[in-house]
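Peer 1: Mind having a look at this structure? Questions to follow.
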Amino acid sequence: MDLSHKVAIVTGGASGIGIGTGKTLAENGASVILCDRNESLAQDAATILQNENLPVTSMHVDVKNQSSITETVEQVIKEFGTIDIVVNNAGVPGAPGWEKAFPARQEDWDFTFEINVRGVALVIEAVAPHMIEKKSGKIVNIASVAGRQGHPNFPHYSTSKAAVINLTQAYALGLAPHNINVNAICPGLVWTPLWESIGLRAKTAESQMSELSAREVFDTRIEALIPLKREQTPQDIGNTIAFLVSDRARNITGQAINVDGGLRMN
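Letter 252 of the sequence shown, counting from 1, is numbered 251 in numbering that gives the first Met the number 0, and no numbers are missing.
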């Protein structure tokens, strides 16, 4: 994909799908800003990619905070002149300590929805006026296959990701008259800090998993659930995003695309 002269923001950019997506977009020519609430980790991630001669930098953003989002968007426009691409990747599986909290606590529901749903909406609302003014833009929200079917171990998380799919459709309809595409990706099993947290919860919730490491839980899930028998990687997700934000996907909007090795089939 040719993303030359495009400027991309990736939230939750310090690790996992965020850094993987940032790398893929930069490899395809985009100037990428990795945004994260952990500014130090975001800087480290950007440095790793800069050492590969990729046009990547970092900025602090807290998607719970509307002022923080607005300041970041304004700073990017000031420094880069535009925002063409937004990847809403910031997400959490629950509030701190959620791995051993059964059932999910009120704070798990509140914290998860504040970041996974409201945070996505706030970022879109912040960049939309700029994209509307220039009559173009590409937005990709990271949902999850968990949003396709509820899960008893983390109903707050799966419900939040279902909300992201619905939110994607709502903004796709609202922004389509302005030539702005809004889509979602539903990753399957990607080994990230978030999934490590899910693995730790499975060790507590499922007796047959109790003696396994979080990574072993993950590998067991791959073997049992994924038809292609292989994990998905941040690069797999990034490759799909690179397509969706390119001109080749100009007529794709409002879609939630599974990248999951066949775990969920439409």
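Backbone N, C-alpha and C fix where the C-beta goes; we use that ideal spot for every residue, glycine too.
For proline 128 and glutamate 210, I'd like the C-alpha separation in whole angstroms.
Peer 2: Counting only the Cα atoms, glutamate 210 lies some 51 Å from proline 128.
Peer 1: Roughly how many angstroms lie between the CA atoms of proline 102 and glycine 146, to the nearest whole one?
Peer 2: Between proline 102 and glycine 146, the C-alpha separation is close to 19 Å.
Peer 1: Quick check: the segment 191-206 against the segment 157-177, are at least 3 beta-carbon pairs closer than 8 Å?
Peer 2: no
Peer 1: For leucine 243, which residues of its own chain have a beta-carbon under 8 Å away from its beta-carbon, when the five flanking residues on both sides are left out?
Peer 2: Only residues of its own chain outside the window of five on either side were considered, and among them Lys137, Val139, Asn180, Asn182, Ile184, Ile251 and Ile256 have a CB closer than 8 Å to the CB of leucine 243, listed in chain order.
Peer 1: What residue from Leu188, Pro233, Leu2 and Asn37 has the CA that sits closest to glutamate 215's CA?
Peer 2: Leu188
Peer 1: Please report the Cβ distance between asparagine 88 and glycine 12, rounded to the nearest whole angstrom; I am assuming they are in contact, meaning their Cβ atoms lie under 8 Å.
Peer 2: 7 Å
Peer 1: Is methionine 0 near alanine 223, with beta carbons less than 8 Å apart?
Peer 2: no
Peer 1: Using the C-alpha atoms, what's the distance from glutamate 78 back to valine 126?
Peer 2: 15 Å
Peer 1: Threshold first: 3 residues or longer. Then list the beta strand (DSSP E) segments lying entirely within the segment 63-149, N to C.
Peer 2: 84-87 and 136-141
Peer 1: Leaving out five residues before and five after alanine 100 in sequence, what residues of the same chain have Cβ atoms less than 7 Å from its Cβ?
Peer 2: Answer for alanine 100: Asp107, listed in chain order.
Peer 1: Please give the ranges of any beta strand (DSSP E) in the segment 1-35, keeping only runs that are unbroken, at least 3 residues long and fully inside the region.
Peer 2: 6-10 and 30-35
Peer 1: CA-CA distance, cysteine 34 and glutamate 230?
Peer 2: 26 Å
Peer 1: Check for me: the alpha helix (DSSP H) holding histidine 59 runs from which residue to which?
Peer 2: Unbroken run through histidine 59 is the beta strand (DSSP E), 55-59; no alpha helix (DSSP H).
Peer 1: If I'm right that glutamine 42 touches serine 57 with Cβ under 8 Å, what's the distance once you round it to whole angstroms?
Peer 2: The pair is a contact, with the Cβ atoms about 5 Å apart (cut-off 8 Å).
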